[in-house]
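Right, one structure below, let's go through it.
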Amino acid sequence: MTELRHQKVTRFIMPLREGGSLPALAEADDDFKYVVKLRGAGHGTKALVAELIGGEIARAAGLRVPELVMLDIDESFGRTEPDEEVQDLLKASRGLNLGMHFLSGALTLDPYINRLSPLEASKIVWLDSYLTNVDRTVRNTNMLIWHSEPWLIDHGASLMFHHSWTGWQKSAGSPFPYIKDHALLHQASALEEAAQLMLSAITPETISAITAAIPDEWLHHDGSDETPDSIRNTYTAFLTQRLKASPIFTKQAIDARNAII
């Protein structure tokens with residue numbers, strides 16, 4: 000099982016008004032700062048599940064991802080926050096949230112200035128095709144340059160299937176046409192090699208270990224009687240089945256790149 004550290008949020012620093020999720024910068028009881036993905040925001044715990052799965056799969060494949068940490072927010076947290084919108088969000092996020100280690104001094108990666116190796120760019124494109132991540136575009140790369148190296152952040156828009164939930168089998172075999180908008184597609188000239196390396200790193204055992212780390216309290220659907228184990232098993236099945244579709248979505252990415260080069 001993938002083990003994530005468990006800490007308690009002690010100080011709210013500021014909201015990060017980026018996109019629609021309104022994450023927060025906060026400090027925990029280990030004295031480190033984290034970008035906190037709040038369960039009360041946007042798509043709720045589904046975004047946290049996608050963040051955990053996407054980040055830990057990327058890490059397992061050897062890509063750079065800031066450490067992910069489980070973060071508790073208790074009832075007293077945020078009471079002194081003057082912004083009512085933020086205070087309401089913090090109240091709605093009591094319990095277990097997900098934090099990403101804050102990379103102080105990091106800069107947003109510009110895909111037309113910051114050059115990655117063709118293989119690393121191709122691995123990231125393959126990863127986002129695999130995860131069905133629609134949110135790594137030129138407009139919003141969700142990549143940082145820190146100590147001259149690229150780091151991946153924000154996988155909350157991955158796993159598109161879980162917003163409708165039904166028909167996950169069809170989604171698992173999809174070519175993922177949205178890859179045409181990927182920020183690194185023009186740099187990804189080694190997609191076939193990347194696919195083989197990623198498939199050797201992301202095994203069914205890897206997937207099971209990562210999904211086992213999803214907290215039960217994040218695994219619930221309104222109006223459904225599915226158990227956390229049942230929901231977790233669906234994530235595991237989707238991700239395992241998706242590996243078999245690698246030739247389909249890899250070809251889609253290659254074709255999309257050929258269309259712009």
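Numbering (numbering that gives the first Met the number 0) for the sequence shown: 0 to 260. All C-beta atoms, glycine included, are put in the ideal place defined by N, C-alpha and C.
Inset, instruction - For the stretch 62-135, list the alpha helix (DSSP H) runs that are entirely contained and at least 4 residues long, ordered along the chain. - result: 83-91, 117-130
Inset, instruction - Examine chain D for any beta-carbon lying closer than 7 Å to the beta-carbon of threonine 202, and answer yes or no. - result: Although the question refers to chain D, the structure presented lacks it and comprises just one protein chain.
Legend entry - Alpha-carbon to alpha-carbon, glutamine 186 and aspartate 115: To locate residue 115, count along the sequence shown from 1; it is residue 116. To locate residue 186, count along the sequence shown from 1; it is residue 187. Aspartate is not the amino acid found at residue 115; the sequence shown has leucine there. The C-alpha of glutamine 186 is placed about 7 Å away from the C-alpha of leucine 115.
Legend entry - Proximal residues to serine 170 (C-beta, below 6 Å), its chain only, five neighbours per side dropped: For the purposes of this step, residue 170 is taken as residue 171 along the sequence shown, with counting starting at 1. Correct list, in chain order: Phe160.
Inset, instruction - Using a threshold of 7 Å, state whether the C-beta atoms of glycine 54 and leucine 62 are closer than that. - result: Taking the sequence shown and counting its residues from 1, the one referred to as residue 54 is at position 55. Taking the sequence shown and counting its residues from 1, the one referred to as residue 62 is at position 63. No, these two residues do not count as a Cβ contact at 7 Å.
Legend entry - Neighbourhood of leucine 198 by C-beta distance below 8 Å, restricted to the same chain and skipping five residues each side: On the sequence shown, residue 198 is found 199 positions in, with the first residue counted as 1. Result list for leucine 198: Leu242, Ser245, in chain order.
Legend entry - Meets three-Cβ-pair contact criterion under 8 Å: the stretch 175-189 and the stretch 198-210: No contact exists between the stretch 175-189 and the stretch 198-210.
Legend entry - Separation of leucine 3 from leucine 24, as counted between CA atoms: Position 25 of the sequence shown, counted from the start, is the residue given in the question as residue 24. Position 4 of the sequence shown, counted from the start, is the residue given in the question as residue 3. Distance between the alpha carbons of leucine 24 and leucine 3: 19 Å.
Legend entry - Residue closest to glutamate 50, alpha-carbon to alpha-carbon, out of Pro110, Tyr234, Ile259: Along the sequence shown, read from residue 1 onward, the residue named residue 50 stands at position 51. Restricting attention to Pro110, Tyr234, Ile259, the CA atom closest to the CA of glutamate 50 is found in Tyr234.
Legend entry - proline 149 - containing beta strand (DSSP E), residue span: Indexing the sequence shown from 1 puts residue 149 at position 150. It spans 148-151 - the beta strand (DSSP E) in which proline 149 sits, taken as one unbroken run.
Inset, instruction - Could you name the residues of the same chain whose beta carbon sits closer than 6 Å to that of leucine 238, not counting the 5 residues immediately before and after it, in chain order? - result: Position 239 of the sequence shown, counted from the first residue, corresponds to residue 238. These residues qualify, in order along the chain: Ile206.
Legend entry - Buried or exposed by the 16-neighbour rule on C-beta atoms within 10 Å, applied to aspartate 127: Residue numbering aside, residue 127 sits at position 128 when the sequence shown is read from its first letter. By the neighbour-count rule (16 or more Cβ atoms within 10 Å), aspartate 127 is buried.
Inset, instruction - Could you check the C-alpha separation between histidine 146 and leucine 102 for me, to the nearest Å? - result: Counted from its first residue, the sequence shown places residue 146 at position 147. Counted from its first residue, the sequence shown places residue 102 at position 103. So the alpha carbons of these two residues sit roughly 10 Å apart.
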